[in-house]
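Reading through the structure tokens given below for one structure.
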Amino acid sequence: MQQDDTQTQADPLDHPDVVKHLSAELLAILRRVDEGEDESARAEALAPSAAIVDALAAVGLLEFAYLAPGADDEEDGPIAWFEASEAIVDKERDAVVIAGSEILEVFDGPITLEDPPEHEHEHEDEDAEEEQ
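Under the numbering used here, the first residue of the sequence shown carries the number 1, and numbering increases by one thereafter.
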């Protein structure tokens, strides 16, 4: 899935990979959450959602980025990529919280998510391929 596939999808729950890989039961719960009419659905979705996110974090497939505000309202500030280490069900916030403390990279923006900076390890891989 491309970085912005879910941003351009009319409904991310209809994305073919989501439909293929999530159970029909969890998809039904997420649709109830999305509709916003069933308050119990949100609580029901938290544990399985956290388990999925936690599994992705455990195998190193999940990072998150913090885009700091810029000096003025026109530009974004630096962006920092963090390694996600776990997912936590925060009952007070009624949400799954992604936690992580290892900073992988910082880029002194401004940048856009449509044109993010290349990760350093990607450059290393490209350099190694060019040398061969």
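C-beta: ideal position from N, C-alpha, C; glycine also.
Item                                                                                        : Value
Test item: CB-CB of residue 68 and residue 77 under 7 Å                                     : yes
Neighbour-count burial assignment, residue 49, 16 or more Cβ in a 10 Å radius               : buried
Whole-Å CB distance - residue 53 paired with residue 87, under 8 Å assumed                  : 4 Å
Pair within 7 Å by beta-carbon distance, residue 105 and residue 83                         : no
Same chain only: Cβ atoms within 8 Å of residue 99, ignoring 5 sequence neighbours per side : 84, 85, 86, 87 and 88
Three-state class that DSSP yields for residue 19 in the structure shown                    : helix
Straight-line gap, residue 133 to residue 43 (C-alpha atoms, nearest Å)                     : In the structure as shown, the chain starts at 1 and stops at 132, and residue 133 therefore has no counterpart that could be examined.
8 Å contact criterion, which residue 46 and residue 31 should meet: CB distance rounded     : With 8 Å as the limit, residue 46 and residue 31 do not qualify as a contact, their Cβ atoms being about 15 Å apart.
Simplified DSSP assignment, three categories, for residue 35                                : helix
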